[in-house]
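Novice: Below you'll find the structure I mean.
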Ligand code: NAD
Ligand code: UGA
């Protein structure tokens, strides 16, 4: 059992802390007292709602309550940690590079307050070489005479499945150039996972691995999206192509689903950051640059399908958007494609009725889109907004609830148009829709 401290109480820090608390003692540090309070209230069973939505997280925090607590007191956070994970945000800056200000601030806080030897690992997604920068900041600001080794331990969880991803990871990648520190991290993970899962390596290789993984997954999606556009023009069905190609085990079926483009807080920012990094080192990553271009193009291509039906002025039109999160089962709206489409519709004069299975996604939408007030209505029931006044339905994410449409109810809509942004309706349902007078548009399989 080790004492660990995690900097950052966000979508990575809290689930990771709850997972580590199965076998280790965990302190989650965040300067945001509201988030800290929200975690401690859940741990102490005073509340059943957290500041982020993640399936199974509340239960895991409560199950491991004896081993985890949160604090916004830096001295308490750095009382005696053996390993520190930095899991703060790395949003894009104006050039598309990773903004390291939160990582650097965390490094400085560690340097000024740590009183014992320890290993510091970046869990945030950061450009190769950042661990060396963190090391430098710590050395330059260190107050006490302690040995701090710095490395990297990138995270591969996906939102919505974070707890399961953490429990049964395909691999755990971590890197540190100090062999003794690397061995200590191996021991730490052996309490939680089998040896076969562990993937120790050099610091910089582990930093590159994180970007490589996200960029490759994003590239699989953009690759299929560009073929989907071709399928639309020649009357092929991209879903059949996805299966035909993906069943080759060398390629794999996952992340080949054509869609209105990948969104979220990671693929868009990380592909951009690593592409920028390649340019900086005069080693351009042309494939990743194309992935980004295709992604932007695909979202416009999808929105164009709506505009083709109604023209560019959408004044007086009413649309439904089901699923506003960048994917199903999250309240996270960062770089959400359904949000982008909803805004485009509102910008063109339409009114948008929004429903999501996660209540927090609706709350976040209001908080982040004040300037659109009056142009949208939020709904807590999937079909409550369906009426004669509706001109079209946009499926925004891949939640199962959106796969099985109730055609009887939807038939009231004056505009019988379905835009499936995630290609989730099955062939039989599409046939039934067409037979009921609907048009069906998606990416790579129009009817
Ligand atoms: P987030 O924005 O949800 O959380 C970051 C947290 O860090 C915030 O709560 C913020 O208050 C806190 N913070 C800021 N400065 C701090 C400081 N000095 N000390 C302690 N806490 C501080 O971000 P996230 O989604 O959890 O992502 C964190 C990192 O992990 C990013 O680099 C991201 O790319 C990477 N990542 C994210 C995911 C994901 O699914 N969200 C998955 C893998 C990797
Ligand atoms: C992604 C990766 O899957 C994680 O491994 C990684 O840790 C994380 O980024 C990160 O670095 O933050 P996440 O963004 O939570 O996780 O969600 P994904 O399931 O990967 O989906 C990302 C986007 O791609 C979503 O908009 C999703 O709808 C889209 N997608 C996914 C497709 O369009 N097609 C697919 O086949 C798969």
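In our numbering, the protein residues as written are 1486 to 1932.
Where a beta carbon is used, it is the ideal one built from N, C-alpha and C, also for glycine.
(1) May I ask you to check if the CB of residue 1760 is nearer than 8 Å to at least one heavy atom of ligand 2?
(2) Comparing alpha-carbon positions, which option in 1685, 1590, 1555 and 1583 lies nearest residue 1611?
(3) Are the Cβ atoms of residue 1605 and residue 1592 separated by less than 9 Å?
(4) Per DSSP, which residues does residue 1603 bridge with? Please list them.
(5) Taking residue 1686 as part of the beta strand (DSSP E), name the residues at either end of that continuous run.
(6) With DSSP as the reference, label residue 1812 as helix, strand or coil.
(7) Can you give me the C-alpha to C-alpha distance between residue 1511 and residue 1566, rounded to a whole angstrom?
(8) Of the residues 1929, 1902, 1908 and 1831, which one's Cα is nearest the Cα of residue 1919?
(9) Inspect the beta-carbon positions of residue 1722 and residue 1744 and report whether they are closer than 9 Å.
(10) Below 6 Å CB to CB, which residues in the same chain sit around residue 1656 once its five sequence neighbours on both sides are set aside?
(11) Around the Cβ of residue 1719, are there at least 16 other Cβ atoms within 10 angstroms (buried) or fewer (exposed)?
(12) When you compare only the Cα positions, how much space is there between residue 1866 and residue 1840?
(13) Please tell me whether residue 1449 and residue 1756 are closer than 9 Å, where the distance is taken between their beta carbons.
(14) If I follow the unbroken beta strand (DSSP E) through residue 1660, where does it start and stop?
(15) Using CA coordinates, which residue listed in 1486, 1787 and 1661 is at the minimum distance from residue 1930?
(16) Residue 1802 to residue 1826, Cα distance in whole Å?
(17) For residue 1865, write down the residues that DSSP places opposite it in a beta bridge.
(18) Do you know offhand how far residue 1895's Cα is from residue 1590's?
(19) Roughly how many angstroms lie between the CA atoms of residue 1552 and residue 1635, to the nearest whole one?
(20) Under a three-way DSSP split, which group does residue 1739 fall into?
(21) In angstroms with no decimal places, state the Cα-to-Cα distance between residue 1486 and residue 1577.
(22) Is it a yes or a no for the stretch 1642-1651 touching the stretch 1529-1549, going by three-plus beta-carbon pairs under 8 Å?
(23) Please return the same chain residues whose Cβ sits closer than 7 Å to the Cβ of residue 1481, not counting the five positions on each side in sequence.
(24) On the criterion of 16 or more Cβ atoms from any shown chain inside 10 Å, does residue 1856 qualify as buried, or is it exposed?
Specialist: Working from what's here:
(1) Checking every heavy atom of ligand 2 against the Cβ of residue 1760, none is found closer than 8 Å.
(2) The residue from 1685, 1590, 1555 and 1583 with its alpha-carbon nearest to that of residue 1611 is 1583.
(3) Yes, the pair counts as a contact, with Cβ atoms nearer than the cut-off.
(4) Looking at the DSSP assignment, residue 1603 forms a beta bridge with 1633.
(5) 1683-1686 is the span of the beta strand (DSSP E), which, as asked, contains residue 1686.
(6) In the displayed model, residue 1812 falls within coil according to three-state DSSP, outside both helix and strand.
(7) For residue 1511 and residue 1566, the distance between alpha carbons rounds to 9 Å.
(8) Nearest C-alpha to residue 1919: 1902.
(9) Not closer than 9 Å, so no.
(10) So the list reads 1682 and 1684, once near-sequence residues are dropped.
(11) Under this definition residue 1719 is an exposed residue.
(12) Computed Cα separation, rounded: 7 Å.
(13) Because the chain in this structure spans residues 1486 to 1932, residue 1449 falls outside the shown range and cannot be described.
(14) In the DSSP assignment, residue 1660 falls within the beta strand (DSSP E) that extends over 1657-1660.
(15) Residue 1787 holds the alpha-carbon nearest to the alpha-carbon of residue 1930 among 1486, 1787 and 1661.
(16) For the pair residue 1802 and residue 1826, the Cα-to-Cα distance works out to about 14 Å.
(17) Looking at the DSSP assignment, residue 1865 forms no beta bridge with any residue, so it has no partner.
(18) Approximately 52 Å, taken between the alpha carbons.
(19) The straight-line gap from Cα to Cα measures roughly 25 Å.
(20) Residue 1739 falls in the coil class under three-state DSSP.
(21) Taking the straight line joining both Cα atoms gives about 36 Å.
(22) Contact between the stretch 1642-1651 and the stretch 1529-1549 is established, with three or more Cβ pairs separated by less than 8 Å.
(23) Outside the modelled stretch of the chain, which goes from 1486 to 1932, sits residue 1481, for which no answer is possible.
(24) Under the 10 Å beta carbon count, residue 1856 is surrounded by fewer than 16 other beta carbons and is classified as exposed.
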